Amino acid sequence: MKISVIIPVFNAALFLDKAIQSALNLPQVGEILLIDDRSEDDSYEICKQWADRDHRIQVFRNKGVKGAGATRNIGIRNAKFDFVAFLDADDYFLEGRFADDSRFFERYPDAEAISHPIMFINEDGNNYEELNASFVHGQVVGPGVSEYEIDLWSTNAQKLQIPITGVTFRKSVFEKVGYFDEQLKQCQDTNLILRMLISCKVITGDQQKPVAVYYRHGQNTTRNLTEAVFYRRLAAKKHFALALSYKLPYIRKWKYFKDFMEYDFLWIFRRDYWAKRVIKLLMLPIFLFRINSKSDPVFDKNRSIRLS
Numbered sequence: 003m004k005i006s007v008i009i010p011v012f013n014a015a016l017f018l019d020k021a022i023q024s025a026l027n028l029p030q031v032g033e034i035l036l037i038d039d040r041s042e043d044d045s046y047e048i049c050k051q052w053a054d055r056d057h058r059i060q061v062f063r064n065k066g067v068k069g070a071g072a073t074r075n076i077g078i079r080n081a082k083f084d085f086v087a088f089l090d091a092d093d094y095f096l097e098g099r100f101a102d103d104s105r106f107f108e109r110y111p112d113a114e115a116i117s118h119p120i121m122f123i124n125e126d127g128n129n130y131e132e133l134n135a136s137f138v139h140g141q142v143v144g145p146g147v148s149e150y151e152i153d154l155w156s157t158n159a160q161k162l163q164i165p166i167t168g169v170t171f172r173k174s175v176f177e178k179v180g181y182f183d184e185q186l187k188q189c190q191d192t193n194l195i196l197r198m199l200i201s202c203k204v205i206t207g208d209q210q211k212p213v214a215v216y217y218r219h220g221q222n223t224t225r226n227l228t229e230a231v232f233y234r235r236l237a238a239k240k241h242f243a244l245a246l247s248y249k250l251p252y253i254r255k256w257k258y259f260k261d262f263m264e265y266d267f268l269w270i271f272r273r274d275y276w277a278k279r280v281i282k283l284l285m286l287p288i289f290l291f292r293i294n295s296k297s298d299p300v301f302d303k304n305r306s307i308r309l310s
């Protein structure tokens, strides 16, 4: 079993060597596709240096800044093996990342992806709450139950966490559900995972065995609050529409609607008021209108959003 590892690269010079080496150490990795999204640091030069040293590495460079979704799509289109995995340039694989995948795909020949857990590591060792996400240092995050078929319509699936760096895909998944949504500069991975879970058979791996590290540091793109709020709002709206179209359980529709209200509230008011719950309740009809509207606000990078 050989796997194509796709690494989108943007201003990751400080972390790139560790990410690439962690993939090269794995015997199942047949190739690494590094796609530079017009980095402004030394990332592109580092990519070329690695390609000169190892024939398994291919390097691509976007003509302009495209975002992680479009960058990953270039990797998918150029991958030559039947199995694909993704790694962000500031994260890294752990030893044995793909050790169990061959066994799982043989045991479940109709499985289209295997989902493993990953581990959060925070640069300073502290825990953080950010927007509606928690980053607990050393926490293992994944589907939660080992070796079962994920069913979005079951009660077990309502609090699923499927980190994309822990998923091994058959390349055929992308022919079935499409590629990453290039409109989303953030949450494009969550969007793809949802579309995959709706249409594909996904089996969970050993939930006691994390296979990769999400490394949280001062340069993570998710820490740009204005961008995060805008694109998470847009993703929640898309996810709510999918939940309606595919008649997902009420609790999942409610989750996406709550996500939308949270980010729409912040986009409208630009800050996190103490009376937010009351304001949300009063604005409920407005949120219902906005989540079903065919138009969206225009992204303004100069807009300042505060959580305090």
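Everything in the sequence shown is counted per the working numbering, starting at 3 for the first residue and increasing by one.
Cβ atoms here follow ideal geometry from the backbone N, Cα and C, with glycine treated the same way.
Remember, predicted model here, so these are calculated numbers, not experimental data.
Where residue i and residue j are concerned, what is the direct C-alpha to C-alpha distance, given to the nearest angstrom?
i    : j    : result
S310 : E125 : 23 Å
A14  : L284 : 43 Å
T167 : I120 : 7 Å
F17  : K65  : 23 Å
S306 : K203 : 41 Å
D93  : A115 : 21 Å
A21  : F171 : 19 Å
L227 : V7   : 29 Å
D153 : G144 : 15 Å
G180 : C49  : 28 Å
D261 : A237 : 9 Å
L268 : F106 : 43 Å
D102 : G207 : 8 Å
R235 : K4   : 37 Å
P287 : I9   : 42 Å
Quick check on the burial criterion: 16 or more other C-beta atoms within 10 angstroms. Buried or exposed for residue i?
i    : result
K240 : buried
K187 : buried
A230 : buried
H219 : exposed
R109 : exposed
H118 : buried
V31  : buried
K68  : buried
P2   : Residue 2 is absent from the structure shown; the chain starts at 3 and stops at 310.
D291 : A small correction: the amino acid at residue 291 is Phe; Asp does not occupy that position in the sequence shown. Exposed.
R273 : exposed
P29  : exposed
N193 : buried
Q23  : exposed
A81  : buried
V147 : exposed
V138 : exposed
I59  : buried
F182 : buried
Y275 : exposed
P212 : buried
D39  : buried
A72  : buried
D112 : exposed
Once DSSP output is grouped into helix, strand and coil, what is the label at residue i?
i    : result
V61  : strand
N124 : strand
Y233 : helix
S136 : strand
A70  : helix
I48  : helix
P145 : coil
G207 : coil
R40  : coil
R279 : helix
I152 : coil
E177 : helix
R308 : strand
S201 : helix
E184 : coil
P10  : strand
E114 : coil
I166 : helix
Y217 : strand
L35  : strand
F271 : helix
Y258 : helix
F95  : strand
Would you please state the rounded distance, in angstroms, between the beta carbons of residue i and residue j? I believe it to be under 8 Å.
i    : j    : result
V86  : I78  : 6 Å
I37  : V11  : 6 Å
F301 : F232 : 5 Å
D84  : K173 : 5 Å
Q190 : A70  : 6 Å
F259 : I293 : 7 Å
Within the 7 Å Cβ cut-off, does residue i reach chain C?
i    : result
D103 : The chain labelled as chain C is not found in the depicted structure, where only one protein chain is given.
Is residue i a contact residue of the ligand PLP, with contact defined as CB to any heavy atom under 6 Å?
i   : result
A21 : This structure does not include the ligand PLP; it has no bound ligands of any sort.
**Prompt:** Below 8 Å, can you find three or more Cβ-Cβ pairs linking the region 88-100 to the region 51-67?
**Reply:** When Cβ pairs closer than 8 Å are counted between the two stretches, the region 88-100 is seen not to touch the region 51-67, the count staying below three.
**Prompt:** Are the region 240-249 and the region 273-284 touching by the rule of at least three beta carbon pairs closer than 8 Å?
**Reply:** Taking 8 Å as the limit for Cβ pairs, the verdict is that the region 273-284 does not touch the region 240-249.
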